[in-house]
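With this note's numbering as the guide, the letters of the sequence shown map in order to residues 912 to 1497.
Just so you know, even glycine gets a beta-carbon here, dropped at the ideal spot from N, CA and C.
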Amino acid sequence: MASFSKVFCTSPSSPIAIKKTSRINSNPPSSLSMIPRCNAYKEPSFVSTPVQHVDYRYGNPNITDEFLDEYASKLEGFKRVFKLVSEDPLQGLTMIDAIQRLGIDHHFQHEIEQVLQRQFMLSANGNGFHNYDLHEVALRFRLLRQEGYFVPAGVFDRFRDREGSFRHEHCRDIKGLIELYEASQLGMDGEDILDEAREFSSQSLRKWRMAKVDLFSERAIRNTLDQPFHKTLSRFTARNLLGTDFQGTNGWINILQELAKMDFNLVQSLHQKEIAHISNWWKQLGLAKELEFARDQPMKWYIWSMACLTDPTLSEQRIDLTKPISLIYIIDDIFDVYGTLDELTLFVQVVERWDYAASDKLPYYMKICFKALDDITNEISQKVYKEHGRNPINSLRKAWSTLFRAFLVEARWFGSGNLPKANEYLENGIISSGVHIVLVHIFFLLGIGSTDQNVELIDNNPSIISSTATILRLWDDLGSAKDENQDGHDGSYIDCYMKENQGIEVENARKHVINMIANEWKLLNQQCIFQKSFSMTFCKASLNIARMVPLMYSYDENQCLPSLDEYMKSLLYQSIPMKTLLPTKL
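See below:
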């Protein structure tokens, strides 16, 4: 069997839908098999049945009824501990931070909401930020903002001197600097003080990193600078924190870590069951055999669903979401490496009309792809209607039509060899990223589309989606341009930008893109804090796509993704030994 690492050895461009680098074939091969298949990992053909409820026992013989009973008992016991500890404001905040970093906050949403509501009321009354040190103020600010409570950035004013700079004395406060840097990641447009906070804290922490500090401080500084919590997938990094020290002064941290270890193995087993289901579905669909030029990477497609929807209770939604994600990749391959311009134009016309009879005019490989698209769209629409009372088929078809048109625009651009203007490229690239397709499906699968107003909003690519898509598109181009630029223009944003700005160095163009990504993060933060139309789960799914993107583009010289490779092996196949789970009395 092929090694697991081949999942992530792909072409340099691999977003939800890869960036266009193709040249339209003027004379397509007479046989579909003439195009070599991508070197993709082949998952084992698991035998599975549809997931009907949260069944944690798949794939791990140690997860017995006795284990589940013990886990449930510990969970309820820790909720009692949470209630007691959170009576102390700082300890309550520290506990919430630990719970979230360990990736088990889905069990404590009600308790966390109660604590943060009290903390917010204190802040609104002017008692939440005065007379507290930098560490506590920054921690409270971050935890409230990331849960949708607006706290003004001006709470950091009192840590600055008369000239408006952060006072030098704070350079000695490692805990405060760490939290200040973490808090600065939630900045919004116009909040210059948070830009200054990020610069001040990062410079100070880097100086500490080069100095001789204790092992705990060195590790905390490294993790903060390399993986700030707000821009990191907590589930991906939680395992690294198990067994490390947190800042709690009570014994609750040991209990919490034990609970997190059990939860890690439970959720891992659930993900294994979901992968088995996806593998079986993909095999039965048969597109891998029919379209030999297309990628065969169901594991990679599932990773996006797993990253977007982290709550274990959303198992069925993760499985459903993987299906349209797989089609984004397959359709992208048709536009990118196989179809002629005439064929692609006809394909778009069929999808725009969504006329199954007209699909008979398509080449065979497009016809079977459209059938799969039609079947999956109908299947998901029927499920949403049954569970939530609204049929989303018109919205889903509209989203697919928009994506197809964007693909065709890029095919024409790069088929002609003419680069568009940078803004024109990015406007279209936001759509061709595929993010809108993913989030529209999440929107309906979560049951958010209960009103005409909400549906109209999601149909028109709201800012929360466009900002997420912009981050993905620019990261894609940033990750690809470094290597591809050696061989000439590949049609990235950087190429378009450099064409408009003759004489600019590649490194300066890359810095420009990095600044654009930082600004889009500010807009995304603002959408998630001030939004009223979308649920917190939807907002977190949008954030999680943006958080996932850097992992998808951390390529090594072999065009592989070693960081993502290690994360996925750890999350999906390396359980934490059960012998470490000793009984704990609460």
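- Within its own chain, the residues whose Cβ lies closer than 6 Å to the Cβ of W1324, once the five positions on either side in sequence are excluded, are P1331, listed in chain order.
- Here DSSP, grouped into helix, strand and coil, assigns R1071 to strand.
- Per DSSP, reduced to three states, the secondary structure at F1204 is coil, with no helix or strand assignment.
- With a cut-off of 8 Å on Cβ pairs, the region 1136–1145 is not in contact with the region 1437–1452, counting fewer than three such pairs.
- Exclusion of the five residues before and after D1467 leaves P1473 as the residues of its chain whose Cβ lies within less than 6 Å of its Cβ.
- If you check the CB distance, S1312 and E1263 come in under 8 Å.
- In the DSSP assignment, F1077 is bridged to R1071.
- With contacts defined by Cβ atoms closer than 8 Å, C1219 and I1415 do not form a contacting pair.
- The C-alpha of L1167 lies about 7 Å from the C-alpha of F989.
- In the three-state reduction of the DSSP assignment, K1123 falls in the coil class, being assigned neither a helical nor a strand state.
- V1351 is the residue among V1351, D1388, L1357 whose C-alpha sits nearest the C-alpha of P1373.
- Distance from the CA atom of F1067 to the CA atom of R1029, rounded to whole angstroms, is 21 Å.
- Contact annotation, E1431 with I1382: C-beta distance approximately 5 Å; criterion of less than 8 Å satisfied.
- Sequence-distant Cβ neighbours of G1075 in its own chain, meaning closer than 6 Å and more than five residues away, do not exist here.
- The DSSP assignment places complete alpha helix (DSSP H) segments of no fewer than 4 residues inside the region 961–1011 at 976–996, in order along the chain.
- With a beta-carbon spacing of about 19 Å, S1145 and E1185 fall beyond the 8 Å limit used to define contacts.
- Note on Q1011: 16 or more other CB atoms within 10 angstroms of its CB, so buried under the neighbour-count rule.
- For a cut-off of 8 Å, the C-beta gap from V1026 to W1163 is around 14 Å, too long to register as a contact.
- Residue range 1417–1441 is occupied by the alpha helix (DSSP H) that includes C1439.
- The beta carbon of A1283 sits closer than 7 Å to those of L1196, L1198, L1238, all from its chain and outside the five residues before and after it, given in chain order.
- Take L1273, set aside five residues on each side of it, and the residues of its chain with a beta-carbon closer than 7 Å to its own are L1257, F1258, V1261, F1281, in chain order.
- Relative to K1480, the option among D1243, G1250, Q1183, E1090 whose CA is nearest is Q1183.
- Per DSSP, D1044 lies in no alpha helix (DSSP H) and is assigned neither H nor E.
- T1148 and D1008 have their C-alpha atoms roughly 14 Å apart.
- DSSP places F1019 in the coil class of the three-state scheme, outside both helix and strand.
- Only exposed fits F1127, as fewer than 16 other CB atoms lie within 10 angstroms of its CB.
- Inter-residue distance for P1209 and N1191 is about 10 Å (C-alpha atoms, whole angstroms).
- Per DSSP, reduced to three states, the secondary structure at I1487 is coil, with no helix or strand assignment.
- Out of G1360, C1082, K1433, the CA that lies nearest to the CA of I1304 is found in G1360.
- From the listed residues I1236, D1174, D1222, the smallest Cα separation to W1193 is found for I1236.
- DSSP, read as helix, strand or coil, puts Y1249 in helix.
- The Cβ neighbour count for H1021, taken over all protein chains shown within 10 Å, is under 16; the residue is labelled exposed.
- With contacts defined by Cβ atoms closer than 8 Å, N1436 and L1097 form a contacting pair.
- Of the residues G1087, A1452, D1125, the one whose Cα lies closest to the Cα of S1113 is G1087.
- Of the candidates E1024, E1298, V1062, F1019, V1062 places its Cα closest to the Cα of N1036.
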